[in-house]
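>
Protein chains: 2
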Amino acid sequence: MSKLKVAIAGVTGAVGQEMLKILEERAFPVRELIPLASERSRGKEVTFHGEKLAVQVLSEFDFKGVDLALFSAGAKTSRTFAPLAASQGCIVIDNSSAFRQDPEVPLVVPEVNPHKISDYKNKNIIANPNCTTIISIVPLKPLHDFGKIKRVVAASYQATSGAGAMAMQELEEQVKSYVEGKPLEVRAFPHQIAFNLIPHIDVFMDNFYTKEEMKMVWETQKIMDDNSIKVTATCVRVPVFRAHSVALTVETEKKITREKAIELFNQAPGVVVEDDPTQNKYPMPWFVAGKDECFVGRIREDISHPSALTFWVVGDQLRKGAALNAIQIAELLIQKNIL
Amino acid sequence: MSKLKVAIAGVTGAVGQEMLKILEERAFPVRELIPLASERSRGKEVTFHGEKLAVQVLSEFDFKGVDLALFSAGAKTSRTFAPLAASQGCIVIDNSSAFRQDPEVPLVVPEVNPHKISDYKNKNIIANPNCTTIISIVPLKPLHDFGKIKRVVAASYQATSGAGAMAMQELEEQVKSYVEGKPLEVRAFPHQIAFNLIPHIDVFMDNFYTKEEMKMVWETQKIMDDNSIKVTATCVRVPVFRAHSVALTVETEKKITREKAIELFNQAPGVVVEDDPTQNKYPMPWFVAGKDECFVGRIREDISHPSALTFWVVGDQLRKGAALNAIQIAELLIQKNIL
């Protein structure tokens, strides 16, 4: 296996920084790393394997000779620059929403639909799903395979990391101001997030769902390759730094008992069961932060429906919800000798 | 109307303190107020209408001559002392879970089932429902009247106030320690609550639901007087001080459109509609704290079900979720010339 020339677009952001860390941790075969960002980051440096690298400006960079580009700089940037990079023969794994609904672009969670990865050929682009969708779909997959999911009702508890490094910092600053008795400043979110909840992530759609909520619907159906799965979601920002939690109620064609669900989760890749009421054991975002897997708990048969299961899943938004999933896709490309 | 001799048991707690405040605010006709608490509070004072009153020890107090007793000192205390007070001719409104499932004791939310109040006669006790149930059922009632509710799927985001004054303080202290770089102390909750979520409120039951979640089931059915309503809930503690939020998905026999729901909510007592996506307007706990009504928003037809409505409700746990509802029950007793 030859080592790769890898570019990261959006390297100074929360996800970009996490990508650097994960490439190091997993000893990803990097020959040369090119840190890219917007004009605003000109002059900045990033550290990779102990080496300081100057950030280059994305709009001035030529992707010729780059094997892999990880994009995490927002949908607008991806729409402009990902196709340029791809046209130079570079495979792009894009963390934005820009190409997720493009029928020619595969939307991949390696534990769920690894076979879709070969569709990269169409455009040299693979899309990385929305964070809440990834964290939910990893444990939903074994349930779907066993019992066929008919409907999912989701309520999310999303960390500030999902809105970027500035947003995480804003929670920190608001809490500090609160403790010091100073007025709280609001910049990254539409409202104060410290000691508050904001039931509004991404823009509102015509059907009064937010786009974040609709991503759960569209992306779950695309990744599962099954448009018959019905999904409804309420997505809420909570004053937590970096792991997302989701309360899920899942109606299935075949009934799934708690015991069977635990068995299925235990066998599923990327899922860790943390469920022992006698020991007050269930997943919580403070403790899942920094971990790779999706942690499930509070598993129970739904008492309001003859064939439904209710559970709680927590995953690190920056890792499995974004950077890690993208790098797992890249590892899959290597395994399949595509890279 | 003659003025009343009113006792508050648990007066030093978060709900007890709120009861004092609300009796003042609403000019409740108090002739004499008797603040009661446990042995631990001996020697403490409370202020009522500017007057300092010495806290009396509940176990040493004789309820003879008291017209109304508001109990909010936990289920164990209520089980012992509420029947004693009631046997002396005093009407007890009990905020604990002790009598909520007693078929002889009415469980009352004045906006929902005021007619049940006359059943106070059975035991001289009226039960005040669980906070999350009250906040959810106030807006559920007009939907049920119009479209008959078949099933409710709830995910709660519950403030620390629900666990008492010490718990609210613990969030404050943990956040302070975090800002000062000190270790966080955990006492009131099973785990750290600052920057975290705890999907565990009250004890676990045999069916792997928590008792808090089952209260939503039992109490919704009892208050609606309809055991055919199916309910499932996931109850989660969030780092918010005093208002509870609930994401609700409601399946009805007759379909309810967004427009109809807004019309029904606008007409419903105790409900305020705050729903304007174009202005980023929806209820949030930081802003609902201290208010009396249940605020609803994010109202939309559920895209995953042919006849379901999804919405978000926020209510102050200490007010409508506890102290206010209890005092509204007392006001109803006065209106009906029972007190």
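Protein chains in written order, with this note's numbering: chain A, -1 to 337; chain B, -1 to 337. Ideal Cβ positions, reconstructed from N, Cα and C, are used throughout, including at glycine.
#1: Does the separation of the CB atoms of PHE187(A) and ARG235(A) fall below 8 Å?
#2: Report the option in LYS19(A), LYS3(A) and LEU169(A) whose CA atom is closest to the CA atom of ALA321(A).
#3: With the cut-off set at 8 Å, would you say PRO401(A) and VAL53(A) are in Cβ contact?
#4: May I have the straight-line CA-CA distance separating PRO237(B) from SER134(B), to the nearest angstrom?
#5: Using the Cα positions of LYS228(A) and MET222(A), report the straight-line distance between them to the nearest angstrom.
#6: Just reading off the beta strand (DSSP E) that VAL248(B) is part of, what are its end residues?
#7: Within a Cβ cutoff of 8 Å, which residues of the same chain sit near ILE260(A), ignoring the five residues on either side of it in sequence?
#8: Give me, in chain order, the residues of the same chain whose beta-carbon lies closer than 7 Å to that of HIS142(A); leave out the 5 immediate sequence neighbours on both sides.
#9: If VAL103(B) sits next to ASN120(B), beta carbons under 8 Å apart, how far is it from one beta carbon to the other, in whole angstroms?
#10: From the DSSP output, read off the bridge partner residues of TYR155(B).
#11: Anything in chain A within Cβ reach of MET282(B), meaning under 7 Å, just list it in chain order.
#12: Please list, in chain order, the chain B residues whose beta carbon lies closer than 8 Å to that of LYS228(A).
#13: Please determine, among ILE199(A), ASN323(A), LEU330(A) and THR158(A), the residue with the shortest C-alpha to C-alpha distance to ASN93(A).
#14: How many Å lie between ARG149(B) and ASN126(B) at the Cα?
#15: For a cutoff of 8 Å on Cβ pairs, would you count TRP216(B) as touching chain A?
#16: What are the residues that DSSP puts in a beta bridge with GLY313(A)?
#17: Taking a contact to mean a Cβ-Cβ separation below 8 Å, would you say THR250(B) touches ALA306(B) in this structure?
#18: Using DSSP bridges, identify the partner residues of ILE91(B).
#19: Using DSSP's beta-bridge definition, name the partner residues of PHE46(B).
#20: Note down the Cα distance separating THR218(B) from LYS114(B), rounded to an integer number of angstroms.
#21: Checking contacts by CB at 8 Å: is PHE263(A) closer than that to chain B?
#22: Taking the alpha helix (DSSP H) that GLU16(A) falls in, what are its first and last residues?
#23: What does the alpha-carbon distance come out to for the pair GLU170(B) and GLU171(A)?
#24: Contact check, GLU291(A) vs ARG256(A) under 8 Å by CB: the rounded distance?
#25: Name, please, each residue of chain B whose Cβ falls closer than 9 Å to the Cβ of SER243(A).
#26: Classify HIS47(B): buried if its beta carbon has 16 or more other beta carbons within 10 angstroms, exposed otherwise.
#27: Flag THR247(A) as yes if its beta-carbon sits less than 8 Å from any beta-carbon of chain B, otherwise no.
#28: What separation, rounded to the nearest whole angstrom, lies between the Cα atoms of SER226(A) and CYS88(B)?
#29: For chain B, is any of its Cβ atoms less than 8 Å away from the one on ARG317(A)?
#30: For the beta strand (DSSP E) that VAL297(B) lies in, which residues bound it at each end?
#31: Let me know the beta strand (DSSP E) ranges lying completely inside the region 152 to 230 of chain B, each 3 residues or longer, listed in chain order.
#32: By the DSSP assignment, the beta strand (DSSP E) with LEU138(B) in it spans what residues?
#33: Would the region 279 to 293 of chain A count as touching the region 185 to 201 of chain B if we require 3 or more Cβ pairs under 8 Å?
#34: Does the beta-carbon of ARG98(A) have 16 or more other beta-carbons within 10 angstroms, so that it is buried, or is it exposed?
#35: What did DSSP end up calling LYS334(B) once you bin it into helix, strand or coil?
Once the coordinates are examined:
#1: yes
#2: LYS19(A)
#3: Within the shown structure, residues of chain A are numbered from -1 to 337, placing residue 401(A) beyond reach of any answer.
#4: 20 Å
#5: 12 Å
#6: 241 to 250
#7: VAL271, ASP273 and ILE297
#8: MET222
#9: 7 Å
#10: VAL234(B) and SER243(B)
#11: HIS189, ASN194, LEU195 and ILE196
#12: ILE301, SER302 and HIS303
#13: ASN323(A)
#14: 23 Å
#15: no
#16: HIS242(A)
#17: yes
#18: LEU68(B) and ILE124(B)
#19: GLU49(B)
#20: 14 Å
#21: no
#22: 12 to 23
#23: 15 Å
#24: Not really, about 20 Å apart at Cβ, beyond 8 Å.
#25: LEU195, PRO197 and VAL234
#26: exposed
#27: yes
#28: 59 Å
#29: no
#30: Contrary to the premise, residue 297(B) reads as Ile rather than Val in this sequence. Run containing ILE297(B): 292 to 299, per the beta strand (DSSP E) assignment.
#31: none
#32: Taken as a continuous stretch (DSSP letters only), LEU138(B) belongs to no beta strand (DSSP E), being part of the alpha helix (DSSP H) at 129 to 145.
#33: yes
#34: buried
#35: coil
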